[in-house]
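Structure record follows, encoded as C-alpha cells.
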Amino acid sequence: MIIACLTTSLCEVCLITMYSKIICPTDFSQASYNAVEYAAKLAQVFWCELVLVHIEKVLPVSFHTTYDINPGPQVLERSRNAAEALRQLSEDINKKFHISSRFEVEITGKKLAKAIADSEDGEVLFVTGTQGSENIFDSIFGTHSFQLVKETSASVLIVPESFAYQTISKVLYITTDENAGALALEKLNTFVEKFHVHLCFLNTGDVTTYEECRKQVNSFFKDRLIDIDFWNKHSRDVYSVLEELAGDRQFDLLVIQEFEKTLLNRLMHEDPVKKLSAELNLPLLVLHQENRISG
Numbered sequence: 003m004i005i006a007c008l009t010t011s012l013c014e015v016c017l018i019t020m021y022s023k024i025i026c027p028t029d030f031s032q033a034s035y036n037a038v039e040y041a042a043k044l045a046q047v048f049w050c051e052l053v054l055v056h057i058e059k060v061l062p063v064s065f066h067t068t069y070d071i072n073p074g075p076q077v078l079e080r081s082r083n084a085a086e087a088l089r090q091l092s093e094d095i096n097k098k099f100h101i102s103s104r105f106e107v108e109i110t111g112k113k114l115a116k117a118i119a120d121s122e123d124g125e126v127l128f129v130t131g132t133q134g135s136e137n138i139f140d141s142i143f144g145t146h147s148f149q150l151v152k153e154t155s156a157s158v159l160i161v162p163e164s165f166a167y168q169t170i171s172k173v174l175y176i177t178t179d180e181n182a183g184a185l186a187l188e189k190l191n192t193f194v195e196k197f198h199v200h201l202c203f204l205n206t207g208d209v210t211t212y213e214e215c216r217k218q219v220n221s222f223f224k225d226r227l228i229d230i231d232f233w234n235k236h237s238r239d240v241y242s243v244l245e246e247l248a249g250d251r252q253f254d255l256l257v258i259q260e261f262e263k264t265l266l267n268r269l270m271h272e273d274p275v276k277k278l279s280a281e282l283n284l285p286l287l288v289l290h291q292e293n294r295i296s297g
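Here our numbering = 1-based position in the sequence shown + 2.
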C-alpha cells in the first residue's frame with residue numbers, strides 16, 4: 003500500500019548512465035540523513051533520478067503473497083507525517099543539488115529489506131545508511147543493510163553514519179576464491195568512468211585466484227589510462243586484512259562482490275559482507291554477479 007508518491011524535478015532531460023535511478027531508504031535517523039546527502043551527490047555525478055523510500059512495517063493480516071494488511075489510524079498518521087517530511091526533504095534536495103528526485107511512503111506487511119528491494123526497477127543503485135551492528139539481532143542475522151543485499155540483485159552502497167561524502171579517488175576491490183572467476187567489472191566501470199580513480203585489487207584467495215584476477219582486469223581495462231595495483235594476501239578473515247589496509251582511511255570506497263553460497267559454505271565461513279557492513283567505517287559497494295541465482 004503506497005500512501006504517497008511525488009516527483010519534483012529541475013531538469014527535463016537526464017543523460018543516460020548505467021543507473022536509471024538511485025534509491026535511498028530513510029527512517030529519519032542520522033545515518034539515513036547522511037546517506038541521503040551522499041546519494042544526492044552521487045545522483046549529481048551520475049545525472050540520474052533520486053528516489054527516497056520510507057517503509058511503515060505492520061503485521062500482516064495473512065501471510066499470503068499479497069501480504070494483506072490493516073494499518074489502523076496510528077500507522078496511517080505516521081505515514082502521512084513521513085510523507086510530509088519526505089516532501090520537504092525532496093524539495094530541499096532539488097534546490098540544493100539541482101537534481102530530479104521523488105519519494106514514496108509504503109505501508110506493508112513484508113520484511114523491511116524485501117519491501118525496499120521490491121522498489122527495484124531497471125538498473126538501480128541502492129544507497130543505504132548504517133549505524134553498524136546495534137544489538138545481538140544484528141550480530142547474528144546482519145544489519146538491515148546486509149539484509150537488503152541478500153534481497154536484491156542490484157548494487158548496494160552502504161554508507162556509515164560518520165562518513166561524509168567525498169570525491170571518490172581511491173577504490174579497493176576485494177577478490178576471493180569464490181568471486182574471482184567472474185568479476186563485476188562492468189558495474190565497477192560505472193564509477194571508474196565518473197571519477198578519476200586509482201584502483202587497487204586485493205586478492206584474499208590463493209595464487210590461482212590472484213592470476214585470474216590480474217588477467218580479467220588487464221583485459222577489461224586494456225589501453226585505458228587508469229592506475230591499477232594488485233595486492234595479494236591470502237586470508238579467510240577479510241575484515242582483519244582490511245583493518246590493516248584501510249585503518250587510516252586511505253580509501254574512499256571499498257568494493258566487494260556477493261555470490262551465491264552453498265549451505266556448507268555458509269556454515270563454514272562467515273559472509274564477509276555481513277561483517278564489513280556491521281563494523282567497517284568506510285563506504286562499501288556490494289556488487290552481484292551477473293547470473294545471480296534467486297532464492
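For glycine and all other residues, C-beta sits at the position ideal for the given N, C-alpha and C. All values derive from a computational prediction rather than experimental measurement.
In the DSSP assignment, find the unbroken alpha helix (DSSP H) run with residue i in it and report its ends.
i	result
HIS146	146-153
SER31	Note, SER31: premise wrong, no alpha helix (DSSP H); not H, not E.
CYS50	Taken as a continuous stretch (DSSP letters only), CYS50 belongs to no alpha helix (DSSP H), as it is neither H nor E.
ASN1	Not covered by the structure: residue 1. The range shown for the chain is 3 to 297.
LEU325	Absent from the model: residue 325. The displayed extent of the chain is 3 to 297, so no value can be given.
LYS276	274-281
ARG226	Neither: ARG226 is in no alpha helix (DSSP H) and is coded neither H nor E.
PHE193	187-196
Give me, in chain order, the residues of the same chain whose beta-carbon lies closer than 6 Å to that of residue i; leave out the 5 immediate sequence neighbours on both sides.
i	result
SER81	ILE5, GLU58, VAL107, ILE109
ARG294	In this prediction, ARG294 scores a pLDDT of 40, lower than 50, which makes its location untrustworthy; no coordinate-derived value is stated.
LYS172	HIS200, PHE253, ASP254
LEU185	GLN218
THR53	The question names Thr, yet the displayed sequence has Val at residue 53. Here the set comprises LYS23, ILE25, ARG104.
VAL15	Because the pLDDT at VAL15 is just 38, under 50, the model does not fix this residue reliably, and the value given afterwards should be weighed accordingly. Contacts found: none.
LEU17	Because the pLDDT of LEU17 is 39, which lies under 50, any placement of that residue in the model is unreliable, and the number read from its coordinates should be weighed accordingly. Correct list, in chain order: TRP49.
Round the Cβ separation of residue i and residue j to the nearest angstrom and send it over; I've been treating them as touching at under 8 Å.
i	j	result
ILE160	THR206	The pair is not a contact, with the Cβ atoms about 19 Å apart (cut-off 8 Å).
ASN1	PRO162	Past the boundaries of the shown model lies residue 1; the chain is included only from 3 to 297, so the question cannot be answered.
SER103	LEU127	Their Cβ separation, rounded to whole angstroms, is 14 Å, which puts SER103 and LEU127 out of contact at 8 Å.
LYS341	PHE99	Because the chain in this structure spans residues 3 to 297, residue 341 falls outside the shown range and cannot be described.
GLU260	HIS236	Actually they are not in contact, since the Cβ atoms of GLU260 and HIS236 sit about 21 Å apart, beyond 8 Å.
CYS215	PHE203	6 Å
LEU78	HIS56	The pair is not a contact, with the Cβ atoms about 14 Å apart (cut-off 8 Å).
VAL275	ILE258	6 Å
Give me, in chain order, the residues of the same chain whose beta-carbon lies closer than 7 Å to that of residue i; leave out the 5 immediate sequence neighbours on both sides.
i	result
GLU153	ALA115, LYS116, ALA119
GLN32	GLU163
ASN234	ASN205, TYR212
ASP208	ASP179, HIS236
ASP250	Note that ASP250 has pLDDT 49, beneath the 50 cutoff, so the model's placement of it is unreliable and no number is given.
Just grab the DSSP bridge partners of residue i for me.
i	result
PHE232	PHE203
LYS59	THR110
VAL160	Rather than Val, the amino acid found at residue 160 in this sequence is Ile. Bridge partners of ILE160: THR130, LEU286.
LEU2	Not covered by the structure: residue 2. The range shown for the chain is 3 to 297.
ILE118	None; ILE118 has no bridge partner.
LYS23	GLU51, VAL126
What residue range is occupied by the uninterrupted beta strand (DSSP E) comprising residue i?
i	result
GLU260	255-260
So, at 8 Å on beta carbons, what are the nonlocal neighbours of residue i in its own chain, with the 5 sequence-adjacent residues on each side left out?
i	result
HIS66	Its pLDDT being 49, under 50, HIS66 is placed unreliably by the model, and the measurement read from it follows with that caveat. So no residue of the chain qualifies.
PRO285	TYR40, LEU159, ILE160, VAL161, PRO162, PHE165, ASP254, LEU255, LEU256
query = Can at least three beta-carbon pairs, one atom from the segment 219-235 and one from the segment 147-157, be found at a separation below 8 Å?
reply = Counting Cβ pairs under 8 Å, fewer than three are found: no touch.
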